[in-house]
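The next block holds one structure in the form of structure tokens; read it before the comments.
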Amino acid sequence: MDVTIPNTERFIINAGYSNRSFQIDVFYPNCSVPENGFPIIYLLDGNSNFATVVDAVRLQSRRPERTNVYPAIVVGIGYQIEQPFSKERFYDYTLSAPEFDISSKWNDRELPPHGGAEEFAGFIKTVLKPFIENKYVVNKQKQTIFGHSLGGLFVLHTLFTNSQAFQTYIVGSPSIHWNQTLLLQERDAFLANNNGMENSVSLLIAAGELEGNHASFMLENARTLTKKLSTVSQLKVDFHIYDNENHISVLPRLINQAIKRALK
20 MDVTIPNTER
30 FIINAGYSNR
40 SFQIDVFYPN
50 CSVPENGFPI
60 IYLLDGNSNF
70 ATVVDAVRLQ
80 SRRPERTNVY
90 PAIVVGIGYQ
100 IEQPFSKERF
110 YDYTLSAPEF
120 DISSKWNDRE
130 LPPHGGAEEF
140 AGFIKTVLKP
150 FIENKYVVNK
160 QKQTIFGHSL
170 GGLFVLHTLF
180 TNSQAFQTYI
190 VGSPSIHWNQ
200 TLLLQERDAF
210 LANNNGMENS
220 VSLLIAAGEL
230 EGNHASFMLE
240 NARTLTKKLS
250 TVSQLKVDFH
260 IYDNENHISV
270 LPRLINQAIK
280 RALK
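Spelled out as structure tokens, the structure:
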């Protein structure tokens, strides 16, 4: 007998570029719809974290008066695979930038196709969001995007280039080193132009303590970026280091903190 997550649906949606399609998993709360619609969380790497996030939301939103976590729609953006991660994410989550940022770390290995972040962002904006908003009752003023590793890189890119697309940005162990040159250019443009953002947004950046020894300087890059962004008055930014956690084990603790931030 198959085991399913209650109140979930799965869709295969054509991306409109590179012959790519995405596996979209959606959890919709089985309760009364709030006056302004349900908050919504969009998850990158949906194959790896959709079930974990859904269970966390289901459990904690049962008694919101105690947990301060309210029911929400969860949308996992994944791929038609059985494994937690797809190689296609290298293309979808990375920027079109000079390869010297990353080529030295791959040595003699062939780099996977990369540089498709703008196309992927276009898919979310023009295809996925309209599809979800046409099918479910969404509160467009309480939207969250969650990304880890390369997904965290993409979430930062989204914040810097289209800060009003979401109200909460969750960035776990961001792979800044992949596109450091271009991403920092985007950061500087954001700092120069967005101190007077029309609406304030929330940003949580986190990493595991054991990532401090990572060859990519992942933890230090995240810490430095947070310090820079703390000068933006319309941006509520926090940085957490989770003790005794590595690049993957950090995820459950980050998820717990993320839903508290997004769904309060």
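In this text, residue positions in the sequence shown follow my numbering: the first is 20, and each later residue adds one. Quick reminder that beta carbons are idealized off the backbone N, C-alpha and C, glycines included.
I'd like the span of the alpha helix (DSSP H) that includes residue i, first residue to last.
i: Phe185; result: Run containing Phe185: none; DSSP gives neither H nor E here.
i: Leu248; result: Met237 to Leu248
i: Gly141; result: Ala136 to Phe142
i: Ser69; result: Ser is not the amino acid found at residue 69; the sequence shown has Phe there. Start and end: Gly65 to Gln79.
i: Pro149; result: Lys148 to Lys154
i: Asn212; result: Gln199 to Asn212
i: Phe258; result: Counting along the chain, Phe258 falls outside any alpha helix (DSSP H), though it belongs to the beta strand (DSSP E) covering Leu254 to Tyr261.
i: Gly170; result: Leu169 to Thr180
i: Pro83; result: Pro83 to Thr86
Verify whether the separation of the beta carbon atoms of residue i and residue j is less than 9 Å.
i: Leu114; j: Asn181; result: no
i: Pro25; j: Arg77; result: yes
i: Lys144; j: Ala184; result: yes
i: Ser235; j: Gln186; result: no
i: Lys19; j: Val45; result: Nothing in the structure corresponds to residue 19, since the chain is present only between 20 and 283.
i: Ala91; j: Asn275; result: no
i: Ala116; j: Thr200; result: yes
i: Ser67; j: Leu270; result: yes
i: Leu248; j: Leu210; result: yes
i: Arg108; j: Leu63; result: yes
i: Glu230; j: His266; result: yes
CB-CB under 6 Å to residue i, same chain, minus the five flanking residues each way: which ones, in chain order?
i: Asn273; result: It should be pointed out that residue 273 corresponds to Leu in this sequence rather than to Asn. Excluding residues within five positions, the ones whose Cβ falls inside 6 Å are Gly191 and Ala225.
i: Pro132; result: Tyr110
i: Ser268; result: none
i: Val174; result: Ile164, Gly166, Tyr188 and Val190
i: Arg206; result: Phe179
i: Asp257; result: Leu223
i: Thr86; result: Gln79
i: Glu28; result: Val45
i: Gly135; result: Tyr110 and Asp111
Output the distance between the C-alpha atoms of residue i and residue j, rounded to the nearest integer angstrom.
i: Ile100; j: Phe30; result: 14 Å
i: Asn55; j: Phe104; result: 34 Å
i: Gly170; j: Thr177; result: 11 Å
i: Ile260; j: Glu228; result: 6 Å
i: Tyr47; j: Ile121; result: 39 Å
i: Asn240; j: Ile278; result: 24 Å
i: Glu84; j: Val73; result: 19 Å
i: Leu238; j: Ser51; result: 41 Å
i: Lys255; j: Gln162; result: 15 Å
i: Ile151; j: Thr250; result: 34 Å
i: Tyr61; j: Val93; result: 6 Å
i: Thr243; j: Glu264; result: 20 Å
i: Ser194; j: Gly65; result: 18 Å
i: Arg280; j: Pro58; result: 12 Å
i: His233; j: Asp262; result: 15 Å
i: Ser168; j: Val156; result: 30 Å
i: Ser219; j: Asp21; result: 44 Å
i: Arg82; j: Phe69; result: 21 Å
i: His196; j: Asn212; result: 24 Å
i: Ile32; j: Tyr112; result: 18 Å
What are the boundary residues of the beta strand (DSSP E) that residue i is part of?
i: Glu28; result: Thr27 to Asn33
i: Leu282; result: It is not in any beta strand (DSSP E) - Leu282 carries neither H nor E in the DSSP assignment.
i: Tyr47; result: That residue, Tyr47, is in no beta strand (DSSP E); it is neither H nor E in DSSP.
i: Tyr110; result: Looking at the DSSP string, Tyr110 is not in any beta strand (DSSP E); the run it does join, the alpha helix (DSSP H), is Arg108 to Asp111.
What residues in its chain sit with their C-beta under 8 Å from that of residue i, if we drop five residues either side in the sequence?
i: Ala34; result: Ser40, Phe41, Glu138, Phe139, Phe142 and Val146
i: Asn158; result: Pro53, Asn55, Gly56, Phe57, Pro58 and Ile59
i: Thr71; result: Leu270, Pro271 and Ile274
- Stretch-stretch touch, CB-based, cutoff 8 Å, three pairs: the region 82-102 with the region 38-46: Because the criterion of three Cβ pairs below 8 Å is met, the region 82-102 and the region 38-46 touch.
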